[in-house]
Amino acid sequence: MASQTPNLECRMYEAKYPEVDMAVMIQVKNIADMGAYVSLLEYNNIEGMILFSELSRRRIRSVSSLIKVGRIEPVMVLRVDKEKGYIDLSKRRVSEEDIQTCEERYNKSKLVHSIMRHVAETLSIDLEELYVNIGWPLYRKHGHAFEAFKILVTDPDSVLGSLTREVKEVGPDGQEVTKVVPAVTEEVKDALVKNIRRRMTPQPMKIRADIELKCFQFDGVVHIKEAMRKAEAAGNDDCPVKIKLVAPPLYVLTTQTLDKDQGIEILTEAIAACTETIDQHKGKLVVKEAPRAVSERDDKMLTEHMAKLRMDNEEISGDEESGEEEEDTGMGEVDIEGAGIIE
19 MASQTPNLEC
29 RMYEAKYPEV
39 DMAVMIQVKN
49 IADMGAYVSL
59 LEYNNIEGMI
69 LFSELSRRRI
79 RSVSSLIKVG
89 RIEPVMVLRV
99 DKEKGYIDLS
109 KRRVSEEDIQ
119 TCEERYNKSK
129 LVHSIMRHVA
139 ETLSIDLEEL
149 YVNIGWPLYR
159 KHGHAFEAFK
169 ILVTDPDSVL
179 GSLTREVKEV
189 GPDGQEVTKV
199 VPAVTEEVKD
209 ALVKNIRRRM
219 TPQPMKIRAD
229 IELKCFQFDG
239 VVHIKEAMRK
249 AEAAGNDDCP
259 VKIKLVAPPL
269 YVLTTQTLDK
279 DQGIEILTEA
289 IAACTETIDQ
299 HKGKLVVKEA
309 PRAVSERDDK
319 MLTEHMAKLR
329 MDNEEISGDE
339 ESGEEEEDTG
349 MGEVDIEGAG
359 IIE
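Residue numbers (my numbering): 19 to 361.
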């Protein structure tokens with residue numbers, strides 16, 4: 019007789035529904051007459067709705083430009099009717115800070131969920147049972163199970179040893195008694211530790227700074243390139259520094275590192291080296307955004323912005339004959355009178 023297939027579907031958190039005014043990660047499933055139906059990814063894909071009036075603070079000219087089927091993004095919880103299961107959501111009320119917090123939480127929760135699901139599938143255990151005995155207690159104790167998993171990589175006993183569960187047994191006298199036993203069996207512990215160690219190797223984070231770099235002297239482009247080389251030279255093998263042109267005179271400096279503070283310090287030194295070099299040639303460096311850790315979303319937005327600028331530049335390019343002259347500018351056309359850069 020074939021064994022029963024374990025249930026591998028379960029919400030990520032102990033609460034069945036999210037709280038009002040909480041940012042949650044959703045995926046758009048369908049766009050109807052009144053709004054968009056979405057799945058709440060952290061809550062086992064229960065359904066929610068975003069009315070068109072909650073898509074944007076501005077006048078909506080095109081719904082398709084604001085929301086698309088399949089898109090995954092954070093939104094704000096407006097109302098939760100637990101009896102009827104209705105969840106009203108808003109895209110226009112979620113702030114940049116809410117978005118960043120939600121993305122960070124979701125990425126951690128998604129990794130925890132993936133590990134838990136793999137263990138449940140491997141051992142033929144219901145996923146919810148694994149969450150009840152391990153996942154949700156770790157969320158309560160550590161704020162997030164991800165933080166517990168990080169400790170578990172090197173010291174699994176300190177994390178799992180304190181977890182217990184209650185079981186009911188029939189005693190010698192025929193009466194039912196409740197016993198407290200370890201929540202994690204050796205089999206589950208071995209599978210969990212193996213998966214966590216395989217999946218949770220430290221990932222480097224990206225540190226970025228935005229600057230404006232100008233030099234209107236003769237050979238200004240050469241001096242800017244020299245300053246850029248000085249900035250990149252401030253990096254090391256652990257924190258290599260790269261500088262890229264976004265659009266004259268805006269540049270971005272980036273590095274990747276396992277140590278956030280070290281990355282910020284290296285980029286700060288790179289900016290100082292770049293400033294010193296460009297000042298010697300009567301140029302100017304202005305820090306638009308100080309060094310800070312950036313998310314994948316920030317990185318994606320920068321890439322899309324740079325691609326758009328390249329397309330715009332191609333569409334409004336000058337005469338074909340001027341191609342050779344434009345090749346070597348690097349910072350746009352320079353107004354010799356010192357008025358600025360003409361894009």
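Quick reminder that beta carbons are idealized off the backbone N, C-alpha and C, glycines included.
Are the Cβ atoms of residue i and residue j separated by less than 9 Å?
i, j, result
"threonine 273", "leucine 285", "yes"
"cysteine 292", "lysine 243", "no"
"glycine 66", "leucine 58", "yes"
"aspartate 144", "asparagine 25", "yes"
"lysine 109", "valine 95", "no"
"valine 130", "methionine 30", "yes"
"alanine 311", "lysine 278", "yes"
"isoleucine 44", "leucine 107", "yes"
"tyrosine 61", "valine 38", "no"
Count the other C-beta atoms from every protein chain shown that fall within 10 angstroms of the C-beta of residue i, then say buried if there are 16 or more, exposed otherwise.
i, result
"glutamate 339", "In this prediction, glutamate 339 has a pLDDT of 45, which is less than 50 and means its spatial position is unreliable; what the coordinates show is noted afterwards. Exposed: under 16 other Cβ atoms inside 10 Å."
"glycine 161", "exposed"
"serine 127", "buried"
"methionine 319", "exposed"
"proline 36", "buried"
"leucine 231", "buried"
"lysine 102", "exposed"
"histidine 241", "buried"
"aspartate 337", "Reliability of the predicted coordinates at aspartate 337 is poor, the pLDDT of 46 falling under 50, and the value obtained from them is presented with this limitation in mind. So aspartate 337 counts as exposed."
"tyrosine 157", "buried"
"threonine 437", "The chain is shown from 19 up to 361; residue 437 falls before or after that span and cannot be answered."
"tyrosine 104", "exposed"
"phenylalanine 167", "buried"
"valine 424", "Limits of the chain in this structure are 19 at one end and 361 at the other, which puts residue 424 out of reach."
"glycine 238", "buried"
"proline 155", "buried"
"glycine 281", "buried"
"glycine 192", "exposed"
"alanine 54", "buried"
Measuring alpha carbon to alpha carbon, tell me which of the options ends up nearest residue i.
i, options, result
"valine 56", "Arg89, Asn125 and Glu147", "Arg89"
"lysine 86", "Ile289, Asn48 and Asp279", "Asn48"
"glutamate 122", "Asp106, Glu165 and Ser142", "Glu165"
"glutamate 114", "Asp316, Arg328, His323 and Glu27", "Asp316"
"proline 258", "Pro222, Asp237 and Gln235", "Pro222"
"phenylalanine 234", "Thr275, Lys300 and Phe167", "Lys300"
"alanine 308", "Ile289, Asp297 and Glu314", "Ile289"
"threonine 295", "Met329, Ile105, Asp191 and Ala252", "Ala252"
"valine 304", "Asn151, Leu268 and Ala325", "Leu268"
"isoleucine 229", "Lys302, Arg111, Asp173 and Lys34", "Lys302"
"alanine 325", "Leu276, Gly281, Ala265 and Ser313", "Ala265"
"threonine 321", "Val270, Lys306, Asp116 and Ser71", "Val270"
"glutamate 283", "Cys120, Lys306 and Asp256", "Asp256"
"proline 174", "Arg135, Met52, Leu148 and Val211", "Val211"
"arginine 216", "Thr172, Arg79 and Thr203", "Thr172"
"histidine 136", "Tyr124, Lys306 and Tyr149", "Tyr149"
With DSSP as the reference, label residue i as helix, strand or coil.
i, result
"proline 92", "strand"
"leucine 170", "helix"
"glutamate 338", "For glutamate 338, the pLDDT reaches just 46, beneath the cut-off of 50, and the residue's location in the model is therefore unreliable, although a value from the coordinates is still provided. Glutamate 338 falls in the helix class under three-state DSSP."
"arginine 217", "helix"
"aspartate 255", "coil"
"proline 309", "strand"
"isoleucine 143", "coil"
"alanine 41", "strand"
"isoleucine 289", "helix"
"tyrosine 55", "strand"
"leucine 327", "helix"
"threonine 119", "helix"
"alanine 138", "helix"
"glycine 163", "In the sequence under discussion, the amino acid at residue 163 is alanine, which differs from the glycine named in the question. Alanine 163 falls in the helix class under three-state DSSP."
"glutamine 193", "coil"
"methionine 223", "strand"
"threonine 295", "helix"
"proline 200", "strand"
"glycine 238", "helix"
"serine 108", "strand"
"isoleucine 85", "coil"
"arginine 79", "coil"
"glutamate 32", "coil"
Taking only heavy atoms of the ligand NAD into account, decide whether any of them is closer than 8 Å to the Cβ of residue i.
i, result
"glycine 189", "Of ligands this structure carries none, so the ligand NAD is not represented either."
Thinking residue i and residue j are a contact (beta carbons under 8 Å), I'd like their distance in whole angstroms, please.
i, j, result
"arginine 183", "alanine 209", "Not quite, the Cβ-Cβ distance comes to about 17 Å (not below 8 Å), so this is no contact."
"valine 206", "valine 185", "Their Cβ separation, rounded to whole angstroms, is 15 Å, which puts valine 206 and valine 185 out of contact at 8 Å."
"leucine 181", "leucine 170", "The pair is not a contact, with the Cβ atoms about 11 Å apart (cut-off 8 Å)."
"methionine 246", "isoleucine 261", "5 Å"
"isoleucine 133", "asparagine 213", "5 Å"
"cysteine 28", "glutamate 146", "4 Å"
"leucine 276", "proline 220", "5 Å"
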